[in-house]
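Chemist: Below you will find the structure I want to go over with you.
2 protein chains.
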Amino acid sequence: MSDIIKKRRSVRKFTVDPVETDNIKKLLQAGTLAPSGKNGQPWRFAIVQQDKALLRKVAACTVYEDFVCRADCLVCVFMDKLDSYHYIKDCQAIGACIQNMLLKATELELGACWIGEVLNRDAQVKRLLGIDNRYDLMAVVAVGQKSGEKECAPSRKQLQDLILSYK
Amino acid sequence: MSDIIKKRRSVRKFTVDPVETDNIKKLLQAGTLAPSGKNGQPWRFAIVQQDKALLRKVAACTVYEDFVCRADCLVCVFMDKLDSYHYIKDCQAIGACIQNMLLKATELELGACWIGEVLNRDAQVKRLLGIDNRYDLMAVVAVGQKSGEKECAPSRKQLQDLILSYK
Numbered sequence: 001m002s003d004i005i006k007k008r009r010s011v012r013k014f015t016v017d018p019v020e021t022d023n024i025k026k027l028l029q030a031g032t033l034a035p036s037g038k039n040g041q042p043w044r045f046a047i048v049q050q051d052k053a054l055l056r057k058v059a060a061c062t063v064y065e066d067f068v069c070r071a072d073c074l075v076c077v078f079m080d081k082l083d084s085y086h087y088i089k090d091c092q093a094i095g096a097c098i099q100n101m102l103l104k105a106t107e108l109e110l111g112a113c114w115i116g117e118v119l120n121r122d123a124q125v126k127r128l129l130g131i132d133n134r135y136d137l138m139a140v141v142a143v144g145q146k147s148g149e150k151e152c153a154p155s156r157k158q159l160q161d162l163i164l165s166y167k
Numbered sequence: 001m002s003d004i005i006k007k008r009r010s011v012r013k014f015t016v017d018p019v020e021t022d023n024i025k026k027l028l029q030a031g032t033l034a035p036s037g038k039n040g041q042p043w044r045f046a047i048v049q050q051d052k053a054l055l056r057k058v059a060a061c062t063v064y065e066d067f068v069c070r071a072d073c074l075v076c077v078f079m080d081k082l083d084s085y086h087y088i089k090d091c092q093a094i095g096a097c098i099q100n101m102l103l104k105a106t107e108l109e110l111g112a113c114w115i116g117e118v119l120n121r122d123a124q125v126k127r128l129l130g131i132d133n134r135y136d137l138m139a140v141v142a143v144g145q146k147s148g149e150k151e152c153a154p155s156r157k158q159l160q161d162l163i164l165s166y167k
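Which chain is which? The protein sequence lines are A and B, in order. Residue numbering for the first sequence follows my numbering, beginning at 1 and increasing consecutively. Residue numbering for the second sequence follows my numbering, beginning at 1 and increasing consecutively.
Okay, here's the thing in structure tokens:
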């Protein structure tokens, strides 16, 4: 498990090969096993995979269009505000849900990248997907088959610099 | 890895046995390997383990005092607002960090419970810990040795009910 946590990378280079629908389902199932406050499970998903024209339009909502449009599948993650009891805590729960999906993708040897920047275009993405204002866009996870290229590990702060106190 | 994701439970019953410092460090290290927007790593930790009087005071800040005060260790998770570039996305990143800690705790056979309710007492917890307003309290993770008692799996929504569209 720790190996998977360590191995996870933001993968931005994909081959042209498709991702099996069954594997997308496995990512989603892992995501939905995250904890959430009062077990509200506020996460919702709009998946764009078959409709490549739509996928390109959603990709064009981010400044990372160049690589996002090359993903085979975009998992657009929303918060259902009707199932949310506390916005901040539900944002955290959805972060936990996305992390589960990324760890599962790592285990399945898929490439995946969490795109937060797209939140600036919430209205545009919802319009493209036909999703109403009951839902807030939380992230897009781009998923594809990884190219062989090795992704660099980002620099990390030292643990001692992140500990405010140990009493 | 999926087994760990499935096995993770909110554990609220602990034995009186301590948790090795080294295991707390492993949880924190797993947490810090989460992704964050622009690699900001906004998570910070204040750990309360040795000072049991302080631990009881922090526990008393939550309505779950009865079980939280029986944890051997409280990992108080904060956001460093000076290292935050977008509050919502950084809340999500901290959710991903907490999820890594919970998965690591599951792997180590430790009991852990994510307490969000304590956010109502941000000021009080920071006063107890001597932490200033540069930091926002994000959660407290109660950690201890699990009692043998089996924790129930919470009910889960069906995946099909969480998918808004698949195009």
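Even for Gly, the Cβ is constructed at its ideal location relative to N, Cα and C.
(1) Does the CB of V48(B) have a neighbour CB from chain A at under 8 Å?
(2) Over the uninterrupted beta strand (DSSP E) stretch that includes A142(A), give me the two end residues.
(3) Using a Cβ-Cβ cutoff of 9 Å, what residues of the region 92-103 of chain B are near chain A? List them in chain order.
(4) Determine the chain A residues that contact G37(B) at a beta-carbon separation under 9 Å, and present them in chain order.
(5) Three or more C-beta pairs under 8 Å: does that hold for the region 120-128 of chain B against the region 100-109 of chain B?
(6) Can you tell me which residues form a DSSP beta bridge with F45(B)?
(7) So, with DSSP's three-state summary, where would you put C113(B)?
(8) Check this for me: beta carbons of N23(A) and L110(A), under 8 Å apart or not?
(9) Please tell me whether Q145(A) has its Cβ less than 8 Å away from any Cβ of chain B.
(10) Which one of D17(B), P35(B) and A59(B) has the shortest CA to CA distance from S155(A)?
(11) State yes or no: is the beta carbon of E20(A) nearer than 8 Å to at least one beta carbon in chain B?
(12) Have a look at D72(B) and K146(B) and give me their C-alpha separation to the nearest angstrom.
(13) Where does K92(A) land, buried or exposed, given buried means 16+ other C-beta within 10 angstroms?
(14) Checking contacts by CB at 8 Å: is T32(B) closer than that to chain A?
(15) Below 8 Å on the Cβ atoms is my guess for R70(B) versus F14(B); work out the distance and round it to an integer in Å.
(16) I want to verify the contact list: residues of chain B whose CB lies under 9 Å from the CB of R156(A), in sequence order.
(17) Would you check whether the ligand COA has a heavy atom nearer than 7 Å to the C-beta of V48(A)?
(18) When you compare the CB of D51(B) with every CB in chain A, is at least one pair closer than 8 Å?
(19) Buried or exposed, going by whether 16 or more other CB atoms sit within 10 Å of the CB of D136(A)?
(20) Among I5(B), I4(B), I88(B) and S10(B), which has the Cα closest to the Cα of A112(B)?
Modeler: Concretely, from the data shown:
(1) yes
(2) Y135 to Q145
(3) Q92, A93, I94, G95, A96, C97, I98, Q99, N100, L102 and L103
(4) W114, G116 and E117
(5) no
(6) I163(A) and V77(B)
(7) strand
(8) yes
(9) no
(10) P35(B)
(11) no
(12) 11 Å
(13) At residue 92(A) the sequence reads Gln, which differs from the Lys that was named. So Q92(A) counts as buried.
(14) yes
(15) 5 Å
(16) T32, L33, N39 and Q41
(17) No copy of the ligand COA appears in this structure; indeed no ligand is present at all.
(18) yes
(19) buried
(20) S10(B)
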